[in-house]
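Number of protein chains: 2
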Amino acid sequence: MTNVTAPIRVLVDAMGGDNAPLEPIRAAAEVSKSTQIHIVLCGDPAAISRELAAVEHVAARIEVLPATGFIGMHEKPREAIAAKPDASLCVAMRALGDGKADALVSAGSTGALVLASSQWVPRIEGVERAALAAVYPTQQRANNRDRFALLLDVGATVHCRPKDLLLFAYMGHAYASRISKVERPTIGLLNMGTEATKGGETLVAAHQLLLDEPRLNFIGNVEGNDIPLGKADVIVCEGLLGNVALKMAEGTGELFRNLGTWAFKQSLMWKLGLLLLSSGLRRLKDLTDYSEYGGAPLLGFTRPIIKAHGRSGARAIGNAIKVAAKAARDGVCTDIADCAREFEKRTAAPS
Amino acid sequence: MTNVTAPIRVLVDAMGGDNAPLEPIRAAAEVSKSTQIHIVLCGDPAAISRELAAVEHVAARIEVLPATGFIGMHEKPREAIAAKPDASLCVAMRALGDGKADALVSAGSTGALVLASSQWVPRIEGVERAALAAVYPTQQRANNRDRFALLLDVGATVHCRPKDLLLFAYMGHAYASRISKVERPTIGLLNMGTEATKGGETLVAAHQLLLDEPRLNFIGNVEGNDIPLGKADVIVCEGLLGNVALKMAEGTGELFRNLGTWAFKQSLMWKLGLLLLSSGLRRLKDLTDYSEYGGAPLLGFTRPIIKAHGRSGARAIGNAIKVAAKAARDGVCTDIADCAREFEKRTAAPS
Numbered sequence: 045m046t047n048v049t050a051p052i053r054v055l056v057d058a059m060g061g062d063n064a065p066l067e068p069i070r071a072a073a074e075v076s077k078s079t080q081i082h083i084v085l086c087g088d089p090a091a092i093s094r095e096l097a098a099v100e101h102v103a104a105r106i107e108v109l110p111a112t113g114f115i116g117m118h119e120k121p122r123e124a125i126a127a128k129p130d131a132s133l134c135v136a137m138r139a140l141g142d143g144k145a146d147a148l149v150s151a152g153s154t155g156a157l158v159l160a161s162s163q164w165v166p167r168i169e170g171v172e173r174a175a176l177a178a179v180y181p182t183q184q185r186a187n188n189r190d191r192f193a194l195l196l197d198v199g200a201t202v203h204c205r206p207k208d209l210l211l212f213a214y215m216g217h218a219y220a221s222r223i224s225k226v227e228r229p230t231i232g233l234l235n236m237g238t239e240a241t242k243g244g245e246t247l248v249a250a251h252q253l254l255l256d257e258p259r260l261n262f263i264g265n266v267e268g269n270d271i272p273l274g275k276a277d278v279i280v281c282e283g284l285l286g287n288v289a290l291k292m293a294e295g296t297g298e299l300f301r302n303l304g305t306w307a308f309k310q311s312l313m314w315k316l317g318l319l320l321l322s323s324g325l326r327r328l329k330d331l332t333d334y335s336e337y338g339g340a341p342l343l344g345f346t347r348p349i350i351k352a353h354g355r356s357g358a359r360a361i362g363n364a365i366k367v368a369a370k371a372a373r374d375g376v377c378t379d380i381a382d383c384a385r386e387f388e389k390r391t392a393a394p395s
Numbered sequence: 045m046t047n048v049t050a051p052i053r054v055l056v057d058a059m060g061g062d063n064a065p066l067e068p069i070r071a072a073a074e075v076s077k078s079t080q081i082h083i084v085l086c087g088d089p090a091a092i093s094r095e096l097a098a099v100e101h102v103a104a105r106i107e108v109l110p111a112t113g114f115i116g117m118h119e120k121p122r123e124a125i126a127a128k129p130d131a132s133l134c135v136a137m138r139a140l141g142d143g144k145a146d147a148l149v150s151a152g153s154t155g156a157l158v159l160a161s162s163q164w165v166p167r168i169e170g171v172e173r174a175a176l177a178a179v180y181p182t183q184q185r186a187n188n189r190d191r192f193a194l195l196l197d198v199g200a201t202v203h204c205r206p207k208d209l210l211l212f213a214y215m216g217h218a219y220a221s222r223i224s225k226v227e228r229p230t231i232g233l234l235n236m237g238t239e240a241t242k243g244g245e246t247l248v249a250a251h252q253l254l255l256d257e258p259r260l261n262f263i264g265n266v267e268g269n270d271i272p273l274g275k276a277d278v279i280v281c282e283g284l285l286g287n288v289a290l291k292m293a294e295g296t297g298e299l300f301r302n303l304g305t306w307a308f309k310q311s312l313m314w315k316l317g318l319l320l321l322s323s324g325l326r327r328l329k330d331l332t333d334y335s336e337y338g339g340a341p342l343l344g345f346t347r348p349i350i351k352a353h354g355r356s357g358a359r360a361i362g363n364a365i366k367v368a369a370k371a372a373r374d375g376v377c378t379d380i381a382d383c384a385r386e387f388e389k390r391t392a393a394p395s
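See the structure below:
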């Protein structure tokens, strides 16, 4: 499937997300015109044909994989997958697992995406736990528009063994060096202190594993404040910790927006001040806009899987499709597999 | 010591914090003039006399407990305590453990405070792990100036057993109902999802323990975004999680300040906008100013211990002294002990 001449094939869950099927289909149409990527739209064939007919697209680069129904954003993942094996996400994921495409994109339920991946897509050898990575901009981005920081895992796991955290570091390293084009991305271990002895047994052991790996540019433990300040290109942590940190940032952002709205109504002077700042706030919004960087990679499987934000429009899903294709083309998963294999070799038979 | 007529006695680590001994001594002087609290300043007698002589104070309400040396903010806590048993923090903590005062305040090293407490102050019966609580303002504060939210633990523990989390909830409940004057404070369990089944074995079991406790106003699991939005008056979590969340908020605040500084220099229009907003930003700063709420309580010991911020001035330390006295007077620790005792009774011999 992935020989040099064949185009990269990306499966798109056409029924997943708040704006499905309209926005995923518009995204596919747009990408079909501007790239060589071959897109497989998975979903209700009638709805897909109808929407596709309304937008300009390159028909030769779009095919349809029929599915019946979809998994809603608020359904319980396990129950929904069991009850609806023919839903778009399940059909798409089985096709990915069977090697019928090189990568997958969905803007649907995160929980269902993680579960369906585990069920139908082979994991990389040596990897027992997948990681969902949050991708976010940092101040570093001023010098490299492709540069983003990764925090992983943010919710695919709860607690992790030291080895899982090392594998997350390999995943982040591979993704950051290929997608953000940072040659030796810095890696930090999220902890409650910078000393190597902090954070309990698992983190102490993980710290040592990371130190012992010359492939990785490990800068040591990082703390919560280092996440938004972008101290490391890749920050690894167990899912419970990453999930809380990620949502904490979302909540803080929401608090600031609430305060802005309040201040706008409160006084004419503040209103004027906010208006004068509006171009700056817009620029800030552009810099931090998730639609720019195409979503969160779910790593640890043999093929790239990208979770686009539920609220994604065509532009964000289009970027996710391009990132998924880039990850497949540039061998992100092969790179992770190489690291995992060498680690197994090294620890199985120490010289 | 704590009979109804005797004044509350509060030990103050006169040598702890970035601005010691000047600011702790000024705080003691101020409190001696405005309240009935009896203050025991622990530190170098010569330095204390010299600073006290320079400020107006009520001499009858201030006594000196001599100590030699102090533990610096950047010393390794365990090593420093072992090497300097006569440092101000150690002497003060032993005095608290011996019942020579009702509460203690220090603006010195957090790590040293936690360790010294464990070493010299008896824990409440049934409590095995202490919790350091971060106190922060929420939007609720508009209607009740005393109202703050608590996040605990933020660093005294790493991982916790379900029972420890229940005990943290008792601690938060007691502190919030006495100090913030919220009659039935809402309690949330920090997790990666709202469903009772989320977060792994420990959190699932803790969720059940919290549900089974009619004393507590448990509102279920809360997520990271609920912390800054103030969804619960008390949020309980293991220390690793709370520490990362707390520092994440600090880092986000710092990022916003950096952006403000950058915008100020960037364009005349943005500069003007920020100037027009300055009274709003000042009000925001007032609302979130740590010097208002007197520091973070370290809970689980038989007497209240308050950690004031390292950068505290006299006003912040003075507030910490008043909060410590209030916690002692209103029986926060007795309340926690009652809850712990009843829980033991209930679970030891279920009817």
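In the order they appear, the protein sequences are chains X and R.
Just so you know, we're using my numbering here: the first sequence kicks off at 45 and counts up by one.
Just so you know, we're using my numbering here: the second sequence kicks off at 45 and counts up by one.
Note that the Cβ used here is the ideal one computed from N, Cα and C, for glycine as well.
Note that this is a predicted model, so its numbers are computed, not measured.
query	result
Suppose you measure from the CA of residue 350(X) to the CA of residue 361(X); what does that come to, to the nearest Å?	10 Å
Report the neighbours of residue 197(R) on chain X: residues whose CB is nearer than 8 Å to its CB, in chain order.	Within 8 Å Cβ-Cβ: nothing; residue 197(R) doesn't reach chain X, min ~10 Å.
When DSSP labels each residue in this structure, what does residue 7(X) get in the three-state scheme?	As displayed, chain X neither begins before 45 nor continues past 395, which places residue 7(X) out of reach and without an answer.
Contact defined as beta carbons within less than 8 Å: I believe residue 231(R) pairs with residue 278(R). What is the distance between those atoms, to the nearest angstrom?	5 Å
Which two residues bound the contiguous beta strand (DSSP E) that contains residue 57(R)?	53 to 57
Counting pairs of Cβ atoms below 8 Å between the region 56 to 67 of chain X and the region 353 to 367 of chain X, do you hit three or more?	yes
Can you tell me the Cα-Cα spacing of residue 224(R) and residue 384(R), whole angstroms?	21 Å
Can you tell me which residues form a DSSP beta bridge with residue 341(R)?	350(R)
Let's see if you can read the secondary structure: which residues bound the alpha helix (DSSP H) around residue 317(X)?	312 to 320
Pairs of beta-carbons, one from the region 128 to 141 of chain X and one from the region 301 to 308 of chain X, closer than 8 Å: are there three or more?	no
On the three-state DSSP scale, how would you describe residue 46(R)?	With a pLDDT of only 49 at residue 46(R), under the threshold of 50, the placement of this residue in the model should not be trusted, and no figure is reported.
Report the three-state DSSP secondary structure of residue 269(X) (helix, strand or coil).	coil
Mind pulling the chain R residues with CB within less than 8 Å of residue 272(X)?	292, 295, 296, 298 and 299
Just to confirm my understanding: we take residue 380(R), look at its own chain, exclude 5 residues before and 5 after, and list those with CB closer than 6 Å. What are they?	168, 214, 215 and 218
By a C-beta neighbour count over all protein chains shown, 10 Å radius and 16 as the cutoff for buried, is residue 68(X) buried or exposed?	buried
Between residue 251(X) and the rest of its own chain, which residues show a CB-CB distance below 7 Å, the 5 nearest in sequence each way excluded?	233, 240 and 265
Going by the C-beta, is residue 227(R) closer than 7 Å to any heavy atom of the ligand NAD?	The ligand NAD is not among the ligands present in this structure, which contains no ligands whatsoever.
Say whether chain X places a C-beta atom closer than 8 Å to the C-beta of residue 158(R).	no
What are the residues of the region 200 to 213 of chain X that lie near chain R, defined by any Cβ-Cβ distance shorter than 8 Å?	202 and 203
Could you say which of 221(X), 170(X) and 272(X) lies nearest to residue 382(X) if we only look at CA atoms?	170(X)
In three-state terms, what does DSSP make of residue 206(R)?	helix
Note down, in chain order, every chain R residue with its Cβ under 8 Å from the Cβ of residue 244(X).	202, 203 and 284
How many angstroms separate the CA atom of residue 117(R) from the CA atom of residue 176(R)?	17 Å
Would you mind stating whether residue 372(X) and residue 339(X) have Cβ atoms separated by less than 8 Å?	no
Which stretch, first to last residue, makes up the alpha helix (DSSP H) that contains residue 69(X)?	66 to 78
Any idea what DSSP makes of residue 229(X), helix, strand or coil?	coil
Identify the continuous alpha helix (DSSP H) that holds residue 251(R) and give its terminal residues.	245 to 255
Determine the chain R residues that contact residue 316(X) at a beta-carbon separation under 7 Å, and present them in chain order.	320
Using 8 Å for Cβ pairs, my map puts residue 347(X) next to residue 147(X). What's the rounded Cβ distance?	6 Å
Hey, is the region 311 to 327 of chain R in contact with the region 102 to 117 of chain R, meaning 3+ C-beta pairs nearer than 8 Å?	no
Determine, using beta-carbon pairs with one atom in the region 277 to 293 of chain X and one in the region 194 to 214 of chain X, whether at least three such pairs fall under 8 Å.	yes
Give me the chain R residues within the contact set of residue 313(X), using Cβ-Cβ distance strictly less than 9 Å, ordered along the chain.	320, 321, 323 and 324
Find the residues of chain X that neighbour residue 234(R), judging by a C-beta separation of less than 7 Å, and give them in chain order.	288
Identify, in the order they occur along the chain, each residue of the same chain with its Cβ nearer than 7 Å to the Cβ of residue 102(R), setting aside the five sequence neighbours on each side.	76 and 77
For residue 267(R), which residues in the same chain have their Cβ closer than 8 Å to its Cβ, ignoring the five residues on either side in sequence?	234, 235, 236, 237 and 238
Quick one: does residue 216(R) have its CB under 8 Å from some CB of chain X?	no
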